[in-house]
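A short worksheet on the structure shown next.
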Amino acid sequence: MTTTIKDVARLAGVSISTVSRVINNSKPVSPEVRKRVLEAIELLDYKPNEVARSLVTRKSNLIGVIVTDIGNFYVAEMVRGIEEIGRMYNYDIILSSSYGNIDAELKFVKFLTRKQVEGILLISERDDNEVVDEIQNYKIPFIYINRYYNRYNLPTVSIDNSRASTAMTEYLIELGHENLLYVTYGNDDNYSVERKKIEGYNKAIKDKGKNGLIYYAKGFTIEDGYNMGDSIIDFTRKNNISVIFCGHDELAIGLMSYCYDKGISVPEDISICGYGDERIASIYRPRLTTVREPFYDTGAVAIRSVIKQINGEQLEDNKLLLPFQIMKRESCARIKDK
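In our numbering, the protein residues as written are 7 to 344.
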C-alpha cells in the first residue's frame, strides 16, 4: 500500500500541514520537529506527489525545450549544454522535436505549459512569429535561439555573425587571396542572419581593397552544395576566384565532395572554407577551415539565462554574444603554396 502524507504525520506526531512545510521548506519549523518528520519520511520511504507539490509551491523544476531535430549535430550539442547545466541547478528537461512543423511546435507549447514548466527554450531554423507569440502569451521565462533568423527583440544567445564573417574574410586575405567568393543561401529576408554575414564579408573586402563576389545558392544542405558544383566552379574560373567562403559548413562539404568526384583538388586548385564547425568539418578530408560556433556553450548559457529569469533576476543584455574561433585547417592554402 502506498504511503501517504497522513502516515508520515501520524508517525512523526505532527499535523499534515507541518509535514508539508518540511517537504516544501515553505515556513519555519523547529529543528526537533523537522528531524522527526525527516526520520518518518525515511522510515516509511515516502515519495511526495511531485505534481501536487508543484501546484502548491509553483515550482516544478521542469524546463521545456523545443528543437527542430535532435539528430542535427548543432542541436544535439546545444541540448547537451542545456541538460548538463540544468542538472547542476536541479532542473529536469522535457525535450520535443518538431522537425520544423509549426503545428507540432504549437502543440508542444501547450503540452509543456500543462506540465507546469517554469521556462521554455525554442531552438529553431524557421521564422516562428506564431509560435513565439503563443509562448509569450503564457508570460513565462523564454529564450529563443535561431541560427538563420534574428527577427525578435527577445532574449537569445549567439555569436556576432558580422564580426565572425569579417574575421574569416580577413584570414583568407592574409593567405594571399585577391579574388574571393562568398556563397550564401539566397534569402532576401531583412532579418536573415545571412545578411549579417554578408555585411561582415563586404566590410573586410572593402577595408582590404580586394575583389569580392557573392553567389546565391538554392539551399544550405550538403546536397545543395554538391548540386551547385558545375555552376559555381564555372563561375570561379570565369572570375579568377581562388577561394570560396561558404556561409554554412554543409554547403562547403557538399562542394568539396563535388570537387573530389570531378578531380578538382582542394586546396591546390581552389580553397574552400565554411561556417559553423559541424562535426563533419574536422572529419572530412581535407579538414575544413571554418568559423566555430560554440554550440554547447550556447545551450549552457541559454538555460542559465532562463533560470535567472525564473529566479526573478534581470538579464543584463537580451542578446548574449559568445566568442567565436577561426579554425585554420587544410582546406584553405596560401596562394604562394599553389
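Where is the CB? At the ideal position from N, CA and C, for every residue including glycine.
Starting from residue i, follow the alpha helix (DSSP H) in both directions and report where the run begins and ends.
| i | result |
| --- | --- |
| Ala-223 | Where Ala-223 is concerned, there is no enclosing alpha helix (DSSP H), although the beta strand (DSSP E) it sits in stretches over 217-223. |
| Lys-314 | 301-316 |
| Gly-87 | 79-94 |
| Gly-206 | 199-214 |
| Ile-141 | 135-143 |
| Val-35 | No alpha helix (DSSP H) contains Val-35, which DSSP labels as neither H nor E. |
| Val-123 | From DSSP, Val-123 is part of no alpha helix (DSSP H); its letter is neither H nor E. |
Using the beta-carbon count (16 or more within 10 Å), is residue i buried or exposed?
| i | result |
| --- | --- |
| Met-94 | exposed |
| Ile-88 | buried |
| Asp-283 | buried |
| Arg-153 | buried |
| Thr-8 | exposed |
| Pro-329 | exposed |
| Ser-288 | exposed |
| Glu-83 | buried |
| Thr-10 | exposed |
| Pro-5 | An answer regarding residue 5 cannot be provided, because it is not within the stretch 7 to 344 covered by the chain. |
| Glu-322 | exposed |
| Asn-155 | The residue asked about is misnamed: residue 155 is Tyr in this sequence, not Asn. Label assigned to Tyr-155: buried. |
| Asp-255 | buried |
| Asp-134 | buried |
| Glu-274 | exposed |
| Val-25 | buried |
| Pro-161 | buried |
| Lys-334 | exposed |
| Asn-167 | buried |
| Leu-49 | exposed |
| Glu-111 | buried |
| Ile-341 | exposed |
| Tyr-290 | buried |
| Gly-180 | For the record, residue 180 in the displayed sequence is Glu; it is not Gly. That one is exposed. |
Name, in chain order, the residues that DSSP records as bridge partners for residue i.
| i | result |
| --- | --- |
| Met-1 | Any answer about residue 1 is impossible in this case: the structure gives the chain only from 7 up to 344. |
| Thr-190 | Tyr-222 |
| Val-71 | Leu-101 and Leu-127 |
| Tyr-177 | DSSP, once it has assigned bridges, lists no residue as partnering Tyr-177. |
| Asn-185 | Asn-217 |
| Tyr-155 | Ser-198 |
In the DSSP assignment, find the beta strand (DSSP E) that holds residue i and state where it starts and stops.
| i | result |
| --- | --- |
| Thr-162 | 162-165 |
| Phe-148 | 148-152 |
| Asp-13 | Here Asp-13 belongs to no beta strand (DSSP E); instead the alpha helix (DSSP H) covers 11-18. |
| Lys-325 | 325-328 |
With a threshold of 8 Å, establish whether the CB of residue i neighbours any heavy atom of the ligand COA.
| i | result |
| --- | --- |
| Lys-33 | The ligand content of the structure shown is nil, which means the ligand COA is not present either. |
Tell me whether the stretch 237-245 and the stretch 289-300 touch, counting them as touching only if at least three CB pairs, one residue from each stretch, are closer than 8 Å.
no
Does the pairing of the stretch 202-220 with the stretch 163-174 give three or more beta-carbon distances under 8 Å?
yes
Examine the Cβ distances between the stretch 94-104 and the stretch 42-56 and report whether three or more of them are shorter than 8 Å.
no
For the stretch 217-232 against the stretch 241-258, do three or more pairs of beta-carbon atoms, one drawn from each stretch, fall closer than 8 Å, so that the two count as touching?
yes
Completely contained beta strand (DSSP E) runs for the stretch 222-297, where each covers 3 or more residues
Taking only runs of at least 3 residues, the beta strand (DSSP E) segments lying wholly in the stretch 222-297 are 249-252 and 277-282.
Are there three or more Cβ pairs, one per stretch, closer than 8 Å when the stretch 102-115 is compared with the stretch 67-85?
yes
Are the stretch 257-273 and the stretch 107-117 in contact at 8 Å, needing three or more beta carbon pairs?
With the cut-off at 8 Å, the stretch 257-273 and the stretch 107-117 do not touch.
So does the stretch 302-314 actually touch the stretch 134-145, counting three or more Cβ pairs closer than 8 Å?
By the Cβ criterion, the stretch 302-314 is not in contact with the stretch 134-145, since fewer than three pairs of Cβ atoms, one from each stretch, lie closer than 8 Å.
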